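Trainee: Chains as they are written, first to last, in my numbering: chain A, 106 to 420; chain B, 45 to 157; chain C, 183 to 784.
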Amino acid sequence: MTIVPALDLFVAGVVLIVAVWTVVARDSSSAVVGFVAYGLLLALVWVRLGAPDVALTEAAIGSGLTGALLIGAAARLRAGESSTSAEHLGGVGRTLVAALATIVAAAIAVALLSLPDPAPSLAPEAAANAGATGLGNPITNVLMAFRAMDTMLEKFVLVIALVGVWSLAPDGAWGGRPRSYHRADPEGALVFLARVLPPLGVVLGIYVLWVSADHPGGAFQGATILAAMWLVVLMAGLGDVPEVGRQQLRLMLVAGPVVFLIVGLGGLLLGGAFLSYPQDWAKPVILAIEFAMILTVAATLALLVAGPPERSAEP
Amino acid sequence: MSETIVFGLCAAVVAGLGLYGAIVNPQPLRKILAFNLLGSGVFLFFGVVARRGAAAGFPGDPIPQALVITGVVVAFSATALALALLLRYFDATGSASLRDGAASNAGPESTDA
Amino acid sequence: MSGPVAVLESAGSSGALLVLSIVVPVAAALVAFVAGGRRTAWIALAALPVGLAVAVAIAAKVPQTGGALVYLLGGWAPPLGVALRADGLSAVMLVVTACVVAAIGVYARADFRVAAGAAEERAPFTFWILLLGVWGGLNTVFLAGDLFTLYVALEILTFAAVPLVCLDGRAETLQAALRYLLFALLGSVLYLAGTTLLYGAYGTLDVVLLSRLVTAEPAVLVAGSLMTVGLLAKTALVPLHLWLPPAHAGAPPAGSALLSALVVKGSFFIVVRLWFDVMPGLQSVAATQMLSALGATAILLGSVVALRQERLKLLIAYSTLAQIGYLFLMFALAYDAGAASMLKGDALAGGMLQAMSHAAAKAAMFMAAGSIYTALGHDRIAALAGAGRRVPGAVAAFALGGLALVGLPPSGAYLAKELLLRSAADTGQWWWAVVIQAGGAFTCAYLLLVLARVLGPVNRTATADETTDETATKRGRVGWSQQAAALALAACSLALGLVDWSAWLPVPPGTRLSSSLVDTIAAAVWPVLAGGVLAVLLGRWTPPPRGRLQQAAAALGPLRRAGVALGAGFCRADAFLRQWPVAGLSLLALAIVFGAALSARY
Chain A
106 MTIVPALDLF VAGVVLIVAV WTVVARDSSS AVVGFVAYGL LLALVWVRLG APDVALTEAA
166 IGSGLTGALL IGAAARLRAG ESSTSAEHLG GVGRTLVAAL ATIVAAAIAV ALLSLPDPAP
226 SLAPEAAANA GATGLGNPIT NVLMAFRAMD TMLEKFVLVI ALVGVWSLAP DGAWGGRPRS
286 YHRADPEGAL VFLARVLPPL GVVLGIYVLW VSADHPGGAF QGATILAAMW LVVLMAGLGD
346 VPEVGRQQLR LMLVAGPVVF LIVGLGGLLL GGAFLSYPQD WAKPVILAIE FAMILTVAAT
406 LALLVAGPPE RSAEP
Chain B
45 MSETIVFGLC AAVVAGLGLY GAIVNPQPLR KILAFNLLGS GVFLFFGVVA RRGAAAGFPG
105 DPIPQALVIT GVVVAFSATA LALALLLRYF DATGSASLRD GAASNAGPES TDA
Chain C
183 MSGPVAVLES AGSSGALLVL SIVVPVAAAL VAFVAGGRRT AWIALAALPV GLAVAVAIAA
243 KVPQTGGALV YLLGGWAPPL GVALRADGLS AVMLVVTACV VAAIGVYARA DFRVAAGAAE
303 ERAPFTFWIL LLGVWGGLNT VFLAGDLFTL YVALEILTFA AVPLVCLDGR AETLQAALRY
363 LLFALLGSVL YLAGTTLLYG AYGTLDVVLL SRLVTAEPAV LVAGSLMTVG LLAKTALVPL
423 HLWLPPAHAG APPAGSALLS ALVVKGSFFI VVRLWFDVMP GLQSVAATQM LSALGATAIL
483 LGSVVALRQE RLKLLIAYST LAQIGYLFLM FALAYDAGAA SMLKGDALAG GMLQAMSHAA
543 AKAAMFMAAG SIYTALGHDR IAALAGAGRR VPGAVAAFAL GGLALVGLPP SGAYLAKELL
603 LRSAADTGQW WWAVVIQAGG AFTCAYLLLV LARVLGPVNR TATADETTDE TATKRGRVGW
663 SQQAAALALA ACSLALGLVD WSAWLPVPPG TRLSSSLVDT IAAAVWPVLA GGVLAVLLGR
723 WTPPPRGRLQ QAAAALGPLR RAGVALGAGF CRADAFLRQW PVAGLSLLAL AIVFGAALSA
783 RY
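Spelled out as structure tokens, the structure:
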């Protein structure tokens with residue numbers, strides 16, 4: 106029994122060391138690399154906390170996609186790093202911030218440790234109502250049934266964030282394509298990967314969604330894999346980012362929340378509640394929403410990484 | 045259940061580090077990084093809470109676990125928006141400094157009696 | 183307000199209205215996104231009356247339920263599921279929001295229209311979708327009965343609000359937007375940290391269920407202080423206001439109106455939910471007095487700095503800072519030390535009424551300022567003379583909105599002031615009565631300063647550079663619909679005091695303008711007089727070169743110099759507080775002090 110707590114302590118120690126590194130590293134690029142490593146280590150923590158679904162999400166989005174965004178930004182910002190000495194805090198200020206942040210963290214730690222034991226939990230209720238949707242994965246049940254409203258609103262968050270990113274486009278480039286992702290030379294390994302990986306990735310992404318009915322996985326994780334595949338293709342120059350003015354693209358970007366809303370309102374009209382599912386059809390209906398969602402989420406995530414349109418639409 | 049104590053403390057330290065970094069680091073990129081660190085610490089609180097609530101044959105309470113998945117996606121959107129803003133600002137000014145034009149409000153006092 | 187019965191049961195078919203109130207803006211935004219081009223604006227404009235009708239229907243239903251209108255999403259009852267709840271506070275905020283959004287929509291038609299010949303343009307496309315996004319986020323904030331759903335709603339609100347700041351793409355507004363987003367994100371993460379602790383302690387995030395469970399435990403006290411401070415950062419209560427003035431002053435007029443009138447009310451509303459509904463029994467004298475003291479500081483700092491501004495939009499932005507402070511005065515007044523609990527009574531009603539009046543009046547003032555800018559080509563206060571001839575409707579809207587804010591009868595702010603003063607008298611806290619009266623006088627001071635310029639004689643020296651080519655080319659025509667939209671909102675704000683709010687707000691029936699004509703006139707006269715004195719002493723103005731006014735100004739000499747020095751000191755304090763590291767330190771310090779104040783009782 107002693108080996109497992111020791112392992113936990115070791116993992117926590119490494120996580121903390123990497124976390125400290127991302128804060129104190131002089132160079133932004135190395136801090137970003139530290140953050141990506143941190144995200145992967147965190148996935149390990151999530152497995153230890155009995156949450157493989159979250160581990161997948163953390164690795165795919167928290168570390169992978171966020172990392173891709175941050176690395177790209179750090180590379181573009183490198184030229185301006187030297188001129189960022191403004192609002193610099195002196196030694197006394199830093200010590201003060203450190204002291205106050207320590208107090209806040211300590212208060213949270215005390216609060217966490219003081220939580221009641223046995224802990225209140227909705228796990229029994231979730232288990233008792235698992236049959237209502239015909240899905241075996243409790244987390245999919247929460248996301249698609251018990252708290253479906255949050256999931257629907259969160260799709261809306263993605264759309265709004267994307268509109269916000271697009272609003273930063275230069276006027277002349279409106280309707281055009283985001284900055285080119287093409288980085289690789291035509292004979293490079295990336296191009297090879299970009300030809301081989303995507304078919305596998307698409308299968309894997311849809312598999313992750315499909316099994317999520319009963320096992321860890323889900324629309325987000327599947328969508329992230331699809332989005333990553335798309336980004337690899339873009340970086341290899343095998344495809345280009347679509348023009349943001351295209352109606353098909355926009356349809357794809359709202360398909361998830363729109364299907365969600367239609368099903369929700371359907372539930373309302375059929376005499377049930379908003380976002381309730383017909384008794385015997387719950388599983389196929391939920392899977393239909395998830396398939397619409399995986400497309401939407403994959404496209405939105407990839408376009409959020411791609412950034413605002415910067416090249417004007419070709420006539 | 046020792047892992048909830050170990051990782052609970054770990055999460056609190058990570059959150060503290062994130063707070064420190066977000067306030068002290070002058071570069072916006074590093075603030076965004078620190079925000080992600082802080083966010084991941086808070087998500088770990090949910091993980092610890094979920095693990096403590098393991099019951100009914102589940103390794104953890106599925107409600108907080110599902111909340112984290114929603115939270116991670118929201119945090120990603122926030123990061124994407126913040127970085128897009130930062131890059132546009134950088135392109136417009138050639139500088140990534142966030143110093144506010146404090147002078148714009150202190151203003152010249154010349155119009156006064 | 184909401185009784186213990188029926189909080190966990192759907193209210194039948196009328197509960198579906200709550201769903202519609204969120205679905206209408208969300209669905210409109212999605213459809214507008216796909217449709218694109220000129221259709222984006224039309225879809226948004228078509229959604230406005232529908233959403234307004236839903237809001238009014240909800241407000242009509244709520245009093246009949248005797249508490250709250252409840253809807254269980256998906257048929258799942260909390261704690262497993264999520265409930266939507268509309269009580270009186272939600273209902274009035276829904277209606278006010280719908281009205282203000284509708285007026286902003288009418289106003290924005292001229293500014294955000296696709297140019298002839300273009301299929302689609304960036305600014306109009308994004309503006310209309312973000313407007314619907316803000317609206318959807320706000321409606322969710324008012325209705326969500328679950329702390330995590332509230333978090334998602336807050337983020338919708340933030341992500342939709344931030345890009346509105348920098349629609350023009352200028353470097354200053356981009357910087358303002360970035361600072362806004364980064365600070366708001368810190369706030370939301372702190373809020374989220376609090377929710378996880380509450381879930382860990384009680385296994386639910388439902389507002390009503392939590393309110394029955396919370397006791398003073400370490401986890402709850404830490405959660406309460408983190409959530410409060412996080413929300414204050416998003417509401418820009420001094421000293422956490424670093425992002426507000428540049429963001430609210432830099433956005434396009436319709437955006438400023440939306441941000442100043444409504445967006446800050448979203449996080450404010452959640453503070454009210456938290457303190458009055460989730461943990462009313464956990465507050466302490468220290469915590470409530472401290473929160474209101476921050477409000478008083480905001481009134482003083484915001485008002486004095488507003489008096490020192492050269493540009494109209496910045497003046498209005500600092501006025502928002504002061505008015506946000508006003509909203510927090512109710513917390514000290516609503517705390518009943520005897521019952522050791524927050525009471526829903528006069529103070530809460532007054533605070534909410536103030537929030538509503540400010541929403542309508544401030545939107546009107548920002549819209550009017552936008553029209554004045556368009557008509558003159560600039561918004562320098564010193565050179566506003568003649569605006570009354572070019573855009574009379576806008577100037578009237580600005581004046582009426584300002585008078586409504588000052589609290590002249592029969593405005594909503596007047597009734598709010600009465601309720602707050604009554605509550606201060608009932609609880610024997612005379613010092614808040616002083617703050618309340620001073621707030622009105624300060625508001626009057628910066629209003630007078632602007633109106634004196636607008637209505638005053640055209641000052642030759644000040645207008646010399648007004649005719650330069652630069653400003654002349656910036657001048658444009660202002661349509662009547664823009665001025666009418668601003669005027670309508672200002673009139674609404676001015677008439678809010680005439681309504682009997684007892685069906686929605688916790689006041690006895692028949693509470694409305696009760697005072698006699700003499701009282702009313704006295705109530706109108708004294709803030710104007712005090713405001714005049716403040717404007718003369720602290721305001722930014724130049725004495726005319728000749729005449730009796732010159733002599734009067736000279737006689738004021740030493741006092742005026744002291745006033746100017748005081749004003750400069752406040753400006754420096756404001757600039758100091760608005761540095762990022764200082765604001766960050768304030769954030770941490772406030773979290774710690776609130777935690778200490780909450781636990782002071784035990």
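By construction, the Cβ of each residue, glycine as well, lies at the ideal position given by its N, Cα and C atoms.
Note that this is a predicted model, so its numbers are computed, not measured.
Throw me the rounded Cβ distance for the A:V359 and A:V296 pair, which I believe falls under 8 Å.
Mentor: Translated into the one-based positions of the first sequence, residue 359 of chain A becomes position 254. Translated into the one-based positions of the first sequence, residue 296 of chain A becomes position 191. Contact flag wrong, Cβ pair sits at about 33 Å.
Trainee: For chain B, is any of its Cβ atoms less than 8 Å away from the one on A:R252?
Mentor: Your numbering for residue 252 of chain A matches position 147 in the first sequence. Cβ-Cβ to chain B under 8 Å: yes for A:R252.
Trainee: Looking at chain B, is there any beta carbon in it that lies within less than 8 Å of the beta carbon of A:A333?
Mentor: In the first sequence, counting from the first residue as 1, residue 333 of chain A sits at position 228. It does not: the Cβ of A:A333 has no partner Cβ on chain B nearer than 8 Å.
Trainee: Put C:D682 into one of helix, strand or coil per three-state DSSP.
Mentor: Translated into the one-based positions of the third sequence, residue 682 of chain C becomes position 500. In the structure shown, C:D682 sits in coil (DSSP, three-state: anything other than H, G, I, E or B).
Trainee: Decide if the segment 264–279 of chain A is in contact with the segment 313–333 of chain A; the criterion is three or more beta carbon pairs, one per stretch, under 8 Å apart.
Mentor: These segments do not touch.
Trainee: What does B:F79 touch in chain A if you count any residue whose Cβ is under 8 Å from its own?
Mentor: Indexing the second sequence from 1 puts residue 79 of chain B at position 35. Correct list: empty, because the minimum Cβ distance to chain A is about 11 Å.
Trainee: Give the residues of chain C in contact with A:N234, contact being defined as C-beta atoms less than 7 Å apart.
Mentor: To locate residue 234 of chain A, count along the first sequence from 1; it is residue 129. Result: L262.
Trainee: Start and end of the beta strand (DSSP E) containing C:V252?
Mentor: Locating residue 252 of chain C in the third sequence gives position 70, where the first residue counts as 1. Element bounds for C:V252: L251 to L254.
Trainee: C:M534 and C:L687: beta carbons closer than 8 Å?
Mentor: The residue you call residue 534 of chain C lines up with position 352 of the third sequence. The residue you call residue 687 of chain C lines up with position 505 of the third sequence. A contact, by the Cβ cut-off of 8 Å.
Trainee: With DSSP run on the structure shown, which of helix, strand or coil describes A:D222?
Mentor: By 1-based counting over the first sequence, the position of residue 222 of chain A is 117. In this structure, A:D222 counts as coil in the three-state DSSP scheme.
Trainee: Counting C-beta neighbours from all protein chains within 10 Å, is the total for A:D319 16 or more, i.e. buried, or is it exposed?
Mentor: Against the first sequence, residue 319 of chain A aligns to sequence position 214. With fewer than 16 other Cβ atoms within 10 Å, it is exposed.
Trainee: Determine, for A:A294, whether the minimum Cβ-Cβ distance to residues of chain C falls below 8 Å.
Mentor: As a working note, residue 294 of chain A is residue 189 in the first sequence. A:A294 does not count as touching chain C.
Trainee: Of the choices A:L374, A:F365 and A:T405, whose alpha-carbon is the least far from that of A:I391?
Mentor: Residue 391 of chain A sits at position 286 when you count from the first residue of the first sequence. With distances taken between Cα atoms, A:I391 lies closest to A:F365.
Trainee: Please classify C:R267: does DSSP put it in a helix, a strand, or coil?
Mentor: In the third sequence, counting from the first residue as 1, residue 267 of chain C sits at position 85. Three-state DSSP puts C:R267 in a strand.
Trainee: Put C:Y517 into one of helix, strand or coil per three-state DSSP.
Mentor: Here residue 517 of chain C corresponds to residue number 335 of the third sequence, with the count starting at 1. Looking at C:Y517 - three-state DSSP - the assignment turns out to be strand.
Trainee: Report all residues from its chain with a CB closer than 8 Å to the CB of A:S188; omit the five preceding and five following residues, and keep chain order.
Mentor: Counting from 1 along the first sequence, the entry for residue 188 of chain A is found at position 83. With a pLDDT of only 49 at A:S188, under 50, the local geometry of the prediction cannot be trusted, and the value read off the model is given with reservation. Hits under 8 Å: none found.
Trainee: Does the count of Cβ pairs from the segment 464–484 of chain C and the segment 504–516 of chain C closer than 8 Å reach three?
Mentor: Yes, the segment 464–484 of chain C is in contact with the segment 504–516 of chain C.
Trainee: Going by DSSP, what residue range makes up the alpha helix (DSSP H) through C:P709?
Mentor: As a first step, residue 709 of chain C must be located in the third sequence, where it is residue number 527. Per DSSP, C:P709 belongs to the alpha helix (DSSP H) from L699 to L720.
Trainee: At which residues does the beta strand (DSSP E) containing A:E415 begin and terminate?
Mentor: In the first sequence, the residue the question calls residue 415 of chain A occupies position 310. Looking at the DSSP string, the run of the beta strand (DSSP E) that includes A:E415 is P414 to R416.
Trainee: Which word fits A:G280, buried or exposed, when buried means at least 16 other C-beta atoms lie within 10 angstroms of its C-beta?
Mentor: Residue mapping note: residue 280 of chain A aligns to position 175 of the first sequence, counting from 1. It is buried - the Cβ of A:G280 has at least 16 other Cβ atoms within 10 Å.
Trainee: Name the two residues that bound the continuous alpha helix (DSSP H) containing A:T329.
Mentor: Taking the first residue of the first sequence as position 1, residue 329 of chain A is located at position 224. Its alpha helix (DSSP H) spans residues A324 to M340.
Trainee: Compare the C-beta of A:L343 with all C-beta atoms of chain C and state if any pair is closer than 8 Å.
Mentor: Locating residue 343 of chain A in the first sequence gives position 238, where the first residue counts as 1. It does not: the Cβ of A:L343 has no partner Cβ on chain C nearer than 8 Å.
Trainee: Is C:A567 helix, strand or coil when you go by DSSP?
Mentor: Mapped onto the third sequence, residue 567 of chain C falls at position 385. In this structure, C:A567 counts as coil in the three-state DSSP scheme.
Trainee: Within 8 Å (strictly less), CB to CB, does C:E600 reach chain B?
Mentor: Along the third sequence, read from residue 1 onward, the residue named residue 600 of chain C stands at position 418. Cβ-Cβ to chain B under 8 Å: no for C:E600.
Trainee: Ignore the nearest five residues each way along the sequence and tell me which others in B:G97's own chain have a CB closer than 6 Å to its CB.
Mentor: Residue numbering aside, residue 97 of chain B sits at position 53 when the second sequence is read from its first letter. Once the five neighbours on either side are set aside, the close Cβ partners of B:G97 are D105.
Trainee: Does the separation of the CB atoms of C:G176 and C:Y362 fall below 8 Å?
Mentor: Only positions 183 to 784 of chain C appear in this structure, which leaves residue 176 of chain C out of reach.
Trainee: May I ask you to list the residues that DSSP assigns as paired with A:P283?
Mentor: By 1-based counting over the first sequence, the position of residue 283 of chain A is 178. The partner list for A:P283 (beta bridge, DSSP) reads A:P414.
Trainee: Find the residues of chain B that neighbour C:V344, judging by a C-beta separation of less than 8 Å, and give them in chain order.
Mentor: Position 162 of the third sequence holds residue 344 of chain C. Result: L125 and L129.
Trainee: Could you check which residue in C:W258, C:S466 and C:G594 has the C-alpha nearest to that of A:A378?
Mentor: In the first sequence, counting from the first residue as 1, residue 378 of chain A sits at position 273. Checking every option, the nearest Cα to that of A:A378 belongs to C:W258.
Trainee: Rank C:L566, C:A564, C:A557 and C:A581 by C-alpha distance to the C-alpha of C:V573 and give the top, closest one.
Mentor: Here residue 573 of chain C refers to the residue found at position 391 of the third sequence. Of the listed residues, the one whose Cα sits closest to C:V573 is C:A557.
Trainee: So, is A:Q384 buried or exposed, given that buried needs 16 or more other C-beta atoms within 10 angstroms?
Mentor: Along the first sequence, read from residue 1 onward, the residue named residue 384 of chain A stands at position 279. The residue is exposed, with fewer than 16 neighbouring Cβ atoms inside 10 Å.
Trainee: Is any non-hydrogen atom of the ligand FMN found closer than 7 Å to the C-beta of A:G310, if you look at the structure I gave you?
Mentor: Ligands are entirely absent from the displayed structure, and the ligand FMN is therefore not among its contents.
Trainee: Quick one: does C:F776 have its CB under 8 Å from some CB of chain A?
Mentor: Counted from its first residue, the third sequence places residue 776 of chain C at position 594. No, its Cβ sits nowhere closer than 8 Å to a Cβ of chain A.
Trainee: Please confirm whether C:E337 has its beta-carbon closer than 8 Å to some beta-carbon of chain B.
Mentor: For the purposes of this step, residue 337 of chain C is taken as residue 155 along the third sequence, with counting starting at 1. At least one chain B Cβ lies under 8 Å of C:E337.
Trainee: For my contact list, C:V334 and A:V119 are in at a C-beta cut-off of 8 Å; report their separation, rounded to the angstrom.
Mentor: Your numbering for residue 334 of chain C matches position 152 in the third sequence. Your numbering for residue 119 of chain A matches position 14 in the first sequence. Actually they are not in contact, since the Cβ atoms of C:V334 and A:V119 sit about 32 Å apart, beyond 8 Å.
Trainee: Determine, for B:I49, whether the minimum Cβ-Cβ distance to residues of chain C falls below 8 Å.
Mentor: One-based indexing of the second sequence puts residue 49 of chain B at position 5. For B:I49, the answer is no, since every Cβ of chain C falls outside 8 Å of its Cβ.
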